[in-house]
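Sequences listed follow chains Z and A, in order.
Residue numbering for the first sequence follows my numbering, starting at 1 and increasing by one per position.
Residue numbering for the second sequence follows my numbering, starting at 1001 and increasing by one per position.
Ideal Cβ positions, reconstructed from N, Cα and C, are used throughout, including at glycine.
There are 2 protein chains.
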Amino acid sequence: MRKEKIKKLKSKGWKIGSAGDFLGLSPEESAYIDLKLNLSANLRKLRTEQNLTQIEMAKLIHSSQSRVAKIETGDPTVSLDLIIKSLLALGASKKQLARVISS
Amino acid sequence: MRKEKIKKLKSKGWKIGSAGDFLGLSPEESAYIDLKLNLSANLRKLRTEQNLTQIEMAKLIHSSQSRVAKIETGDPTVSLDLIIKSLLALGASKKQLARVISS
DNA sequence: TAAAGATATGTCAAATATGACATAATACAA
DNA sequence: TTGTATTATGTCATATTTGACATATCTTTA
């Protein structure tokens, strides 16, 4: 489907922080995707800091390696819910989440 | 989490754990739900501060009055994505989001 | 170099979230 | 009261997200 592809291209083409001028996104759309990418990047950071493989991470959140990879690579089919749940599963505190979000 | 709150959540249809057993509530599960409820409450606050009805809010996020009501009442079918998108549509900044989340 | 380990990508059926609608419940004036 | 506006609830077809799987692409180690 076309809409899906565009969505994917958009998120894939992003560099964190450079958001949406290029793709004609509204400020809210940009902010929303930036938020997700920001949290995703932080998830990978947390995971690697804890010396976990994606498979081990997957078990922690009762998911699969491939989905963990999708989370960390900013796949557009990944919800904020899943990202946040994953961060919490890694022991991230509310303050840590807040710090990532406001950055 | 207080008993009162848990009861309310249960009555609203939250399904926590495998059998709806609240004894199995993990720290990250409760943190996740707290996060959503916290953001939902803040959304209502922002909306009313801006003197918007749920119908007006719905137009803002291209949704319906009933879904806005569900967002604000903590309906378990509402995703974090929708809550965050709504907050951003009301003009909430990253810092404001962070503040709510860490509280 | 090759093998092993780790991560990325594509796909799909099942699960979950969605907007929309009808209608009930509540609030608040006239 | 009786209306009128606003918010809550229930339902449902459609849309999106999910874990899982297969397989491809790195990445490291011997």
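- In the structure shown, Z:ALA31 adopts helical secondary structure according to DSSP, grouped into three states.
- Within 10 angstroms of the beta-carbon of Z:ASN51 lie fewer than 16 other beta-carbons, which makes it exposed.
- Residue nearest to A:ALA1089 within the set A:VAL1078, A:ALA1058, A:PRO1027 and A:ALA1098 is A:ALA1058 (criterion: CA-CA distance).
- Z:GLU49 does not reach chain A, its nearest Cβ partner there being about 18 Å away, counting only Cβ pairs nearer than 7 Å.
- By the beta-carbon neighbour count (other beta carbons within 10 angstroms, threshold 16), Z:GLU49 is exposed.
- Only residues of its own chain outside the window of five on either side were considered, and among them GLY1074 have a CB closer than 8 Å to the CB of A:LEU1037, listed in chain order.
- Residue environment for A:ILE1055: exposed (fewer than 16 other C-beta atoms within 10 angstroms of its C-beta).
- Non-local C-beta neighbours of A:LEU1082 in its own chain, meaning closer than 6 Å and more than five positions away in sequence, are absent.
- Cβ-Cβ separation between Z:ILE61 and Z:SER86: approximately 5 Å, consistent with a contact (criterion under 8 Å).
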